[in-house]
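**Q**
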Amino acid sequence: NFSNLVRDLTKAEAEAVRDGGETPASAKRSLDSRRARAVLETQKAVQQADAAFYSINPGGTSVRLNMISTRAQNAMQAIAESTGGNAFVPDGEQHLERVFNEIAAELRGQYLLQYYSNSQTGAEFRAIKVSIPARSELRVRARQGYYPKK
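The opening position of the sequence shown corresponds to residue 24 in this note's numbering, with each subsequent residue numbered one higher.
1. Check whether the stretch 67 to 78 and the stretch 89 to 108 touch, using three or more Cβ-Cβ pairs below 8 angstroms as the test.
2. Using the C-alpha atoms, what's the distance from Q117 back to N24?
3. Could you check what DSSP says for T75 in three-state terms: helix, strand or coil?
4. Give the DSSP bridge partners of F111, in chain order.
5. By how many angstroms is the C-alpha of L54 removed from the C-alpha of G132?
6. If you drop the 5 nearest sequence neighbours on each side, which residues of the same chain put their C-beta closer than 7 angstroms to that of I126?
7. Please list, in chain order, all residues of the same chain as P81 whose beta carbon is under 7 angstroms from its beta carbon, the five residues on each side excluded.
8. Should V153 be labelled buried (16 or more other beta-carbon atoms within 10 Å of its own) or exposed?
9. If you run the structure through DSSP and keep just helix, strand and coil, what is A150?
10. Does the beta-carbon of M99 have 16 or more other beta-carbons within 10 angstroms, so that it is buried, or is it exposed?
11. Which residues mark the beginning and the end of the alpha helix (DSSP H) in which E96 is found?
12. Give the straight-line distance between the Cα atoms of I91 and S85, rounded to the nearest whole angstrom.
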């Protein structure tokens, strides 16, 4: 729920408010924007690392007790989904073994689909979608896209 990027931008914004260049309401909107930007930059870094991200928050239902925890958990969920991973919120540390077993089973049960792009230029994010139209009872979890290797 916090990063160096958010800290640095917040310090710059606090100076702008102090100097009369910004109001507290616009500062709040700007803080929300900085947080979203930090999550997107983290998501991009994980996608560029070509990794599946798994998040485990052993806080259980207490995760939903306040806005800060909820926002942080939602960010972890978004990063996980974008990379084909998953976010877990077990009811407590006594359920961690079950979560680890689920992750291990997922990793053992993966399929690798591969293709070669016709485009050889650009470093921009390339969205992909994997689906199984004829098998509605199956669930596909896949990354939302990738950054081409240089």
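Think of the CB as a built atom: it goes at the ideal place given N, C-alpha and C, for glycine as much as any other residue.
Note that the coordinates shown come from a computational prediction; the quantities given were computed from them, not determined experimentally.
**A** Considering the structure as presented:
1. yes
2. Translated into the one-based positions of the sequence shown, residue 24 becomes position 1. Translated into the one-based positions of the sequence shown, residue 117 becomes position 94. Note on N24: pLDDT 48, under 50, position unreliable in the model; no value is reported.
3. Counting from 1 along the sequence shown, the entry for residue 75 is found at position 52. It should be pointed out that residue 75 corresponds to Ala in this sequence rather than to Thr. It is coil, neither helix nor strand.
4. The count along the sequence shown starts at 1 and reaches residue 111 at position 88. F111 pairs with I79.
5. As a first step, residue 132 is located in the sequence shown; it is residue number 109 there, counting from the start. As a first step, residue 54 is located in the sequence shown; it is residue number 31 there, counting from the start. Whole-angstrom Cα-Cα distance: 40 angstroms.
6. Reading the sequence shown from its first residue, position 103 is the one you call residue 126. By the criterion of a C-beta distance shorter than 7 angstroms, I126 is surrounded in its chain by Y77, once the five residues flanking it on both sides are discounted.
7. Looking up residue 81 in the sequence shown gives position 58. Leaving aside the five residues that flank P81 on each side, the residues in its chain whose CB is nearer than 7 angstroms to its CB run, in chain order, P113, G115, E116, L119.
8. Reading the sequence shown from its first residue, position 130 is the one you call residue 153. Burial call: exposed.
9. Along the sequence shown, read from residue 1 onward, the residue named residue 150 stands at position 127. It is a strand residue.
10. Residue 99 sits at position 76 when you count from the first residue of the sequence shown. M99 should be labelled buried.
11. Position 73 of the sequence shown holds residue 96. The displayed chain sequence assigns Gln, not Glu, to residue 96. That run of the alpha helix (DSSP H) goes 90 to 106.
12. Counting from 1 along the sequence shown, the entry for residue 91 is found at position 68. Counting from 1 along the sequence shown, the entry for residue 85 is found at position 62. Each residue's alpha carbon lies about 11 angstroms from the other.
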